[in-house]
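First comes the structure, then the notes that go with it.
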Amino acid sequence: MSIGWIILLPLCGALAAPLVAGRTRAASAWAAAAATATALAVALSHAPAVFAGETVQLLYPWIPAIGLDLALRLDGLAFVFVLLVLAIGLLVILYASYYLPAEDPKGRFFALLLLFQTAMLGIVMADNLLMLLVFWELTSLTSFLLVGYDPSKQAARRGARIALVITGAGGLALLAGLLLLGHVVGSYRLSDVLAAGDLVRGHDLYVPILVLILLGVFTKSAQFPFHFWLPGAMAAPTPVSAYLHSATMVKAGVFLLARFHPTLAGTEVWFYLVGGVGLTTLLFGAYTALFKHDLKGLLAYSTISHLGLITFLFGLGTPLGAVAGLFHIINHAIFKGSLFMAAGIIDHETGTRDMRRINGLWKYMPYTATLAMVAASAMAGVPLLNGFLSKEMFFDQTLDLDLLGGVAWLLPAAATLAGTFAVAYSLRFIHDVFFNGEPVDLPRTPHEPPRWMRIPVEILVALCLLVGILPQQTVGPFLEIGASGMLGSPPSFDLAIWHGFNAPLVMSLIALGAGVLVYSSRHWLFATHDRLLPRTSGEAAFERIAALLLHVSHRIMAWIDNRSLQRYAVWLVLVVLVLTAAPLVRHGLTLDGGLAGEPVDGVSLVAALLVAAAAVATVVAARRQRLLALIMTSIVGLVVSLTFIHFSAPDLALTQLSVEVVTTILLLLVLYLLPLGEIRPTPRWRQIRDLVLASAAGLGTAALAYAMMTRGYEPISRYFLEFAKPHGGGTNVVNVILVDFRGFDTWGEITVLGIAATGIYAMLRGLRLKAPTRGIGGRPWSADAHPLILAMISRPLLPLALLVSVYILLRGHNSPGGGFIAGLVAGTALILQQLASGQQWTGERMRLGYFTLIGVGLAVATGTGLAALIFERPFLTSAYTYLSLPLVGKVEVASAMAFDLGVFLVVVGTVMLILENLGRLTSGRTQTAPVSPGEER
Amino acid sequence: MSHWLVLPLLIPFAAGVGLLLAGRMPLAGQRWVGTIATAASLLVAIRLFGLAAEGQIGVYLIGDWPAPFGIVLVLDRLAALMLLTTALLAAGALAYAVSGTDRAGRAFHALFQFQLLGLNGAFLTGDLFNLFVFFEILLIASYSLLLHGGGPARTRSALHYVVLNLVGSSLFLIGVGLIYSATGTLNIADLAQALAGLDPEAQPIAAAGGMLLVVVFGLKAAVLPLHFWLPHAYSSATAPVAALFAIMTKVGIYAMVRVFGLMFGHGEGMLAELFAPWLLGAAILTLAGGTFGAVASSDLREMVAYLVIVSVGTLLAGLALGTTEALSGTLYYLVHSTLVGGAMFLVADLIGRGRSQGPAIVVGGRPPGAGLLAVLFLIGGVAAVGMPPLSGLVGKVMILLAAQGSEWVAWIWAAILISSLFLLIGLSRAGVTLLWCGDVNPGDAPATAALIAPAALLLAMSPLMVAFGGWLTAYTEATAAQITDGRGYVEAVLGQPPASPLRPTSVP
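Protein chains in written order, with our numbering: chain A, 1 to 937; chain B, 1 to 508.
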């Protein structure tokens, strides 16, 4: 079967586990185990090819845009790791099915565990850098979920979060590093990257690439100073700790060191960075482990220390160092996996993990104790066990290093020191837990665990012994293919357990002896450690940094955003000024475009001054006298209308004028409702700031307008002038543009009106305000809301005004006028009725709902547009013809007129609807409601 | 050209006007109308996407007036992609709304359809002034939708929204006026030609007009420091409205692509490199501001709103780089961030509903059904941060890769990656606090499937965008090529003959 199944099968298992969870207690465990075992079988079926030195590959293109292929490879290195992941996975599944409480949701647990397994297999088999990254981050995510498996525990939540953030940060650095690496190599295929070692090491980007990738490695493999997430992650259920946080996931980092060894290793930077960090971690972890009272805490720091050791071995950059590193990865996975499982059993049986309370368990569980003691001895590096062999290789490697020159003796010394502490903490694990008197205050009486729970431990411990005694026959071939997968051609190495009485052996003996000594003086050491060393922890530092980030973010946001609209507007104007001024200043804008202007006459000058004065007065009055401000804005509007007339634009003038009237009346109605509360004075500096900004914006706009108008240009509007009559059927070009050439814009704008009406209705419906009793200056409102004289005058005006509006509507196509203006005129007439006679009076006489008016208007306008479709013309295509009517004579009938009628109806309906809703705000009486959308029965 | 192009406008328009006319139709009926119209829009969008994917550019002469004199609708790959994204998002938002939030105020369904009209129109129009008109439709409909449900918080933030955007509308008009005065035309294809060969003397005026458009589109897109309206407005809006608004900022980005990629993209002299440096600076500022905002948020909805801003920063970075690869990444990320952002608003609402503390990020009760919600939140969060294996990573990597040729590469990489890290910190804090802390109130019922399904379906788009990533990135690449080349667009628009042989196509 294809090697793709090695990854797919666990994934299928992950999907199946929760599905079958309900059947029997162990169903999901069985599903998980079956998937893992099958995947293992598939992997083993490829063993002959791999042992023959082949690389089994699989390649499907996926997203070529980012260089991501579905590319897998099974070479020697990947094969060793696949076996490790699957075999230990199988044992962990067996162990976990007994470890987890019966009432736990096992489906979820095994799904996540297998998802992790999939991701881990993906990392080791990926043949594409991005593929590798995808799986890399997936392990971080599944680890997060598994650590937080029981979110009711605070430690679990905290541990999960910290682990996610630290490994996630490393993942981002790794992403950057891999992208750069792919960029330098020119390919994201691992095979290409591995072949491009010289190119990469000689490239300018080598150091950034290395540092970024190492950040990923160090965070994942819990290297100092990123180590602190690992002890926190021990809040996970013990099977997870055994699997992810000692045997496999934390090895992903060092796996990368192995994988990229041919590409990145062998430089001085590599040696100092990788070796230095590894050595520091090795010593720091070994030292700290001794002082942990928590069983899993000790194992966590011991794991950190061993990961440091492995990192250091890879850091040497030598082929033999890399082989030793690989060997220790295997050994550590075996003994540490079994130790975690043993710790889990002890936790399970005693109810605590505090080594100050669990003592003398030998009496209660001798069998487990024996297993744990063998595994712990392997951890300490006792001869005849697997840990001894790789540790000897490590000691040996520290001896012949010439990079350090005169201080070369430091390395073996440090190695021996680390070995000493390893012996001491292993001894503590054995002696404290199984001997050292009687247990203190345990929640329950411990006894041996169920048979099946011990089996995984037995298998692993047996492996410790087997590898330790017969290395060449057991692990030898695997190490051989692993090394050749890693390095291309493996160096010759010797796995014999007896190399004669040499320096490494002496170092081992010293470490053993000194370790016993250290352990025996532990009480004094603990006291000194507590007294002298400050209580610092990476976890606390992390929390401090996270809190600082939160604090800084709060400060920044509070500083930027004070929730004041004025502030927002200032930013907007400022950005406009800077952005428009910058290119003009840099490239120089000649203000005068050369076109001669018209001579300035007295009337225009007065009008211009009036506009300027009114604009300034609006601003001055706006704060205290809103009514005055409103009058001032209407002066501006009026002068603008006059300007339009002056420049022969009657349509614009009419529109502007009618809009002015309607908006002013509506604004007056709103002003009536606005509270008259005290307005806080504006500080002087803000007044100045606003003055400067407003002046700059105003003058800038004026300058641009001047520059624009003094230049000639060739617009498309000649087309409109030319064809308005022959093809649009109207002599009023402005109107033909509005209803025909650009009728689509008008269609959109009347839709805006309709939406505005809907929005206002939705907003104000049901809202009731108290009618103010006093107006500006505290004067009471007149009791006579609807003066009789006004009513009497306005009523006869209505038919006249409506007639005028119809006239304006009908003539629009050929003379100044049109639907929009006509609608506003009619609207004004109706507003007058309402003001004069009151809402109820008008409402009773307006049979048509305003929404009907608007809807029909929109439908008519659209309908004329759709009619064109019947004649196989596009939407809104117009047509016109001439009819001969008796008496009247030849009359033009244009579809655009129907469109204009739609515009008329929408405008009238909208104006009236706004008015009605504003009027209803303060009236206590229920009104005849207009036909409206959104009404619930 | 068939009339397919005008359907994305006519369907929501007809539904909206129908709902106005139908007056007192019961809510159930309104829901049917809205659902049918939205589903029809989705089908039409899929059909148009299929048409555009063939590489043809569809042009529809409204009123049968030839370009550049009349208004045209143009269906290129970009428009089709935007239409489809909008339709998908709208389907999700509406499906969520019909489960009850449409009850909170009046005329929801009519306004919702009008909002879709504005969006579709903005994406289809080939005319700069007509774009303004559709922006107005968008603005007025969105203002009303923001107010849906009422209350002081909504009223206040909606006021900020509408005032700033009205200022933006004025700026838009001034900008269009300046550009028209320099070129004498409003048709985008014609403008692309006119601007490319613009007399150096007139260039500064066109540049000033273009810069005003930068501000307007930046305001729509919530680019720092023009973003202020967004966080409060989105976090106080009802969930389906906020979800639909995930596309609103993208309208600004879309307009930038259209205007600066296509229209100004082929200019010489000062117009050529006018916008890129500003956009790059704004991109990094927006990324930073959005990230700090997200981290500092004390409310999940607000955090999601800031995530929208962060995505805008990322998109701007891609846009500013200007290469075809960068544009392709931008478009991919645009689709991703729209759908995921919309879904996250729904998820935030689902979480908030089940807690007595609402969506406030404080330790309190867990919402009922926390497990499922946690899965949704995790998927959305992973996608938003840009972690594997979801679409955020693909989009981000596309933009990171495209940045490699730029002299700003270090800035862009650092901004995007550090922002991702901070978002990871912020989102994990929020998720852990909201979904892992505290106990479920035993009396509460978990959210119904009808509420969860829309969020889940929108989120499902993210893995789908990865699974079919090869196909989708090929589409966005072709889209980017179509934009940066521009010739196809210009030729299609200006070469489209009117249906009537009598229509004059040029001035004598």
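Idealized CB from N, CA, C, for every residue including glycine.
So the candidates are A:A343, A:V211, A:R23; which of them puts its Cα closest to the Cα of L175 (chain A)?
Comparing Cα positions, the closest option is A:V211.
At what residue ranges does the region 358-433 of chain B contain a whole run of the alpha helix (DSSP H), taking only runs of 4 or more?
Whole alpha helix (DSSP H) segments, 4+ residues: 370-385, 391-403, 409-431.
Residues of chain B with a CB under 9 Å from the CB of D745 (chain A): which are they?
Per Cβ cutoff of 9 Å: I71, D127, F129, N130, F132, V133.
Which word fits A450 (chain B), buried or exposed, when buried means at least 16 other C-beta atoms lie within 10 angstroms of its C-beta?
The residue in question, A450 (chain B), is exposed, as its Cβ has fewer than 16 Cβ neighbours within 10 Å.
Can you tell me which of A:M234, A:R259, A:E268, A:T370 puts its alpha carbon nearest to the alpha carbon of I304 (chain A)?
Per the Cα distances, A:M234.
What do you get for Y287 (chain A), buried or exposed, if any count of 16 or more other CB atoms within 10 angstroms of its CB means buried?
By the neighbour-count rule (16 or more Cβ atoms within 10 Å), Y287 (chain A) is buried.
For the beta strand (DSSP E) containing A894 (chain A), list its first residue and its last residue.
That run of the beta strand (DSSP E) goes 889-894.
From the DSSP output, read off the bridge partner residues of Y880 (chain A).
DSSP, once it has assigned bridges, lists A:A894 as partnering Y880 (chain A).
Based on DSSP bridge pairs, tell me the residues matched to L75 (chain B).
Paired residue(s): B:G58.
8 Å is my cut-off, CB to CB: does L147 (chain B) come that close to chain A?
Interface residue, yes.
Would you tell me roughly how many angstroms separate the C-alpha atoms of H109 (chain B) and P26 (chain B), rounded to the nearest one?
Cα to Cα, the separation comes out at about 12 Å.
For L214 (chain A) and V274 (chain A), I'd like the C-alpha separation in whole angstroms.
Spanning the two alpha carbons is a distance of roughly 8 Å.
Spell out a yes or no on whether the region 900-909 of chain A and the region 850-858 of chain A are touching, meaning 3 or more CB-CB pairs, one atom from each, closer than 8 Å.
With the cut-off at 8 Å, the region 900-909 of chain A and the region 850-858 of chain A touch.
Excluding five sequence neighbours on each side, which residues of the same chain lie with their C-beta closer than 7 Å to the C-beta of V33 (chain B)?
So the qualifying residues of the chain are A15, G18, L19, H109.
Per DSSP, what kind of secondary structure is D102 (chain B) in: helix, strand or coil?
If DSSP states are grouped into helix, strand and coil, D102 (chain B) belongs with the helices.
Determine the chain B residues that contact D192 (chain A) at a beta-carbon separation under 9 Å, and present them in chain order.
Per Cβ cutoff of 9 Å: no residues; D192 (chain A) is ~17 Å from chain B at best.
What residues from chain B crowd round T938 (chain A), counting only those whose CB sits closer than 8 Å?
The first residue shown for chain A is 1 and the last is 937, placing residue 938 (chain A) beyond what the model contains.
In this structure, how does DSSP classify P61 (chain A) when only helix, strand and coil are distinguished?
Here P61 (chain A) sits in strand by DSSP.
Determine, for M355 (chain A), whether the minimum Cβ-Cβ distance to residues of chain B falls below 8 Å.
False, the Cβ-Cβ gap to chain B never drops below 8 Å.
On the three-pair Cβ rule with 8 Å, is the region 271-289 of chain B touching the region 174-192 of chain B?
Touching, no.
Can you find a C-beta in chain B that's less than 8 Å from the C-beta of A176 (chain A)?
It does: the Cβ of A176 (chain A) has a partner Cβ on chain B nearer than 8 Å.
If you measure from the beta carbon of M763 (chain A) to each beta carbon in chain B, is any gap under 8 Å?
Output row for M763 (chain A): interface = yes.
Taking the alpha-carbon of A173 (chain A) as reference, which of B:W413, B:G495, B:A141, B:E54 has the nearest alpha-carbon?
That would be B:W413, whose Cα lies nearest to the Cα of A173 (chain A).
Rounded to the nearest angstrom, what separates A785 (chain A) and V133 (chain B) at their Cα positions?
Their backbone Cα atoms lie some 40 Å apart in a straight line.
Shorter than 8 Å from the beta carbon of V347 (chain B) to some beta carbon of chain A?
So no, V347 (chain B) is outside the interface.
Is the beta carbon of V20 (chain A) closer than 8 Å to that of A31 (chain A)?
Yes. Within cutoff.
Can you round the beta-carbon distance between T244 (chain A) and L114 (chain A) to whole angstroms, since I take them to be within the 8 Å contact cut?
The sequence shown places Leu at residue 244 (chain A), rather than the Thr named in the question. Going by Cβ atoms, the distance from L244 (chain A) to L114 (chain A) rounds to 12 Å, so no, they are not a contact pair.
Between the region 908-917 of chain A and the region 749-762 of chain A, are three or more C-beta pairs nearer than 8 Å?
The answer is yes - the region 749-762 of chain A touches the region 908-917 of chain A, with three or more Cβ pairs under 8 Å.
Any beta carbon from chain A within less than 8 Å of T473 (chain B)'s own beta carbon?
For T473 (chain B), the answer is yes, since a Cβ of chain A falls inside 8 Å of its Cβ.
Going by CA-CA distance only, name the one from A:P101, A:A300, A:M709, A:L44 that's closest to G76 (chain A).
Out of A:P101, A:A300, A:M709, A:L44, A:L44 has the C-alpha closest to the C-alpha of G76 (chain A).
Mind checking whether L915 (chain A) and L666 (chain A) have CB atoms under 8 Å apart?
A contact, by the Cβ cut-off of 8 Å.
What residue does the alpha helix (DSSP H) around L512 (chain A) start on, and which one ends it?
503-520 is the extent of the alpha helix (DSSP H) around L512 (chain A).
Alpha carbons only, please: which of B:R355, B:I361, B:V362 is nearest the one belonging to P368 (chain B)?
Comparing Cα positions, the closest option is B:R355.
Have a look at A480 (chain B) and F49 (chain B) and give me their C-alpha separation to the nearest angstrom.
Whole-angstrom Cα-Cα distance: 15 Å.
Mind pulling the beta strand (DSSP E) runs of 3 or more residues that sit fully within the region 724-790 of chain A?
The region 724-790 of chain A contains no whole beta strand (DSSP E) run of 3 or more residues.
For A141 (chain B), go through chain A and note every residue whose CB falls closer than 8 Å to its CB, in chain order.
Under the 8 Å cutoff, chain A gives I755, G759.
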